[in-house]
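This report concerns only the one structure given below.
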Amino acid sequence: MEMKIGVIKGDGIGPEIVGEAMKVLDRIAEVYGHSISYTQLLMGGASIDVNGIPLTDDTLEQAKNCDAVLMGSIGGDAKTSPWYQLEPSKRPEAGLLALRKGLNLFANLRPAMLYPELKGACPLKEEIADRGFDMMIMRELTGGLYFGRRSTQIEDGVTVARDELTYSEEEIRRIAKRGFDIAMKRRKKVTSVDKANVLDSSRLWRKVTEEVAADYPEVQLENMLVDNCAMQLVKDPAQFDVILTENMFGDILSDEASMVTGSIGMLPSASLNETKFGLYEPSGGSAPDIAGKGIANPIATILSAAMMLRFSFDLDREADAVEASVSEVLKEGYRTIDIMSEGMKQIGTKEMGDLISSHIR
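Going by our numbering, the first residue of the sequence shown is number 827, and it counts up by one from there.
Next comes the structure, spelled out in structure tokens:
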């Protein structure tokens, strides 16, 4: 297969961790007989430095002409970076929002899995960590509060801010279908998270999700209020398979789920549109404080590349090979500093990428 992959190395540790993911993809292509062409794209702070804005129209068009995009981390230190002296619409993260909107990336997938070798890093009680967990959080990415109308104005001498939360039936239906489709490939359970006891948008969310569930009789649907879900994630995360939820709830819950794995440096993510196209990136930030030191954990980015192989190219065997290689390296006791524990062998970013690549056979 010929794969056309756009590459946004990004800011901070982005170039380092993306480089290791590309190394793994190149190894996959070599072992399994594929070819890869890369298109280098600028976005975020790196684009501001060159173009004055975080995302150009040309970059967006180049991304659309790729089969998928692999991205590192975007942004910098909000206190010291000149990027954050700009108005909000010209800051690095604005480029990411514009890219998601321009590519119609409505479905965000964030798996949260506790590797047995890393259960000691899990902040939960030992008996909870011993059970392990493997969940997929499906977050609607282009609607809700983050994309609704907003205003800040003076009314009767008082400053009033408004943010509008809006969802249409079709926006809910398409993310629900994607969630149920993924559940069919997993353990066939969907937990739909809302605030239907308070919000009209959540009541519509629940109604449409239940309608979609009727087309998937093999999948168990569970409705759960968002505050209960937040509690259950730290009480019994093993109960979850696919968590399906709207934009803001998904933003918060996926960050919570990432922390119970022990390190956000282990967590990949994917953002998909209605075709096979996807944007694949690690869940963590740009970590400017460690950029250039060669100590960043590249595993989340490497696992994001595995998600790309699975969801954009339907190469399940190759994706399995990448994930198995990560597991093997962890079993052998190799760790970057963020997941280091007593008795393990500490290595850097490049060494971790080399080891994972060498295990792909």
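Think of the CB as a built atom: it goes at the ideal place given N, C-alpha and C, for glycine as much as any other residue.
These numbers were taken from a predicted model, which means no experiment stands behind them.
- Setting aside the 5 residues that flank it on each side, Y1106 is surrounded in the same chain by L896, A1096, S1130, M1133 and M1134, each with a C-beta closer than 6 Å to its C-beta; the list follows chain order.
- Around the Cβ of S1112, a 10 Å sphere holds 16 or more other Cβ atoms; the residue is buried.
- According to the DSSP secondary-structure assignment, Q1046 is paired through a beta bridge with K1015.
- A residue is called buried when at least 16 other Cβ atoms come within 10 angstroms of its Cβ; K1157 does not meet this threshold and is exposed.
- Beta bridge pairing from DSSP links V986 with Q979.
- Here the segment 1015-1030 lies against the segment 1066-1073, with 3 or more beta-carbon pairs under 8 Å apart.
- Here the alpha carbons of F1103 and L950 stand approximately 36 Å from one another.
- No Cβ-Cβ contact shorter than 7 Å links L912 with T885.
- Counting only the Cα atoms, G1076 lies some 16 Å from T1035.
- The beta-bridge partner set that DSSP reports for R936 consists of I963.
- Residue pairing by DSSP puts I831 in a beta bridge opposite Y864 and A894.
- Partner residues in the beta bridge of P1094, as assigned by DSSP, are P1108.
- Judged by pairs of C-beta atoms under 8 Å, the segment 979-994 does not touch the segment 1080-1097, as fewer than three such pairs exist.
- Closest option to L931, judged by alpha-carbon separation, among P937, F959 and K890: K890.
- Look at D956 here: in three-state DSSP terms it is helix.
- Contact check between the segment 1042-1051 and the segment 922-937: fewer than three CB pairs, one atom from each, fall below 8 Å, which does not count as touching.
- DSSP places L925 in the uninterrupted alpha helix (DSSP H) bounded by P918 to G928.
- Residues of the same chain with a CB within less than 7 Å of the CB of I1121, apart from the 5 flanking positions on each side, are T1162, I1163, G1174 and T1175 in chain order.
- By the Cβ-count criterion, T968 is buried, with 16 or more other Cβ atoms from all chains shown falling within 10 Å of its own Cβ.
- Taking 7 Å as the cut-off, the beta carbon of G902 is found closer than this to the beta carbon of W909.
- DSSP assignment within the segment 1016-1081 yields the following whole alpha helix (DSSP H) runs of 4 residues or more, N-terminal first: 1026-1039 and 1052-1061.
- In this chain, the alpha helix (DSSP H) harbouring K1003 covers E995 to M1010.
- Beta-bridge partners assigned by DSSP to K1171: Y1160.
- Three or more Cβ pairs closer than 8 Å define a contact, and the segment 1138-1158 falls short of that threshold against the segment 912-930.
- L1051 is positioned such that its CB atom lies no closer than 7 Å to that of A1083.
- Scanning V1155, G1118, E919 and E1144 for the CA closest to the CA of G845 turns up G1118.
- A847 sits close to T1127, with the two beta carbons spaced by under 7 Å.
- Just measuring C-alpha positions, the residue of E1149, A1145, P1114 and G1091 sitting nearest M1166 is G1091.
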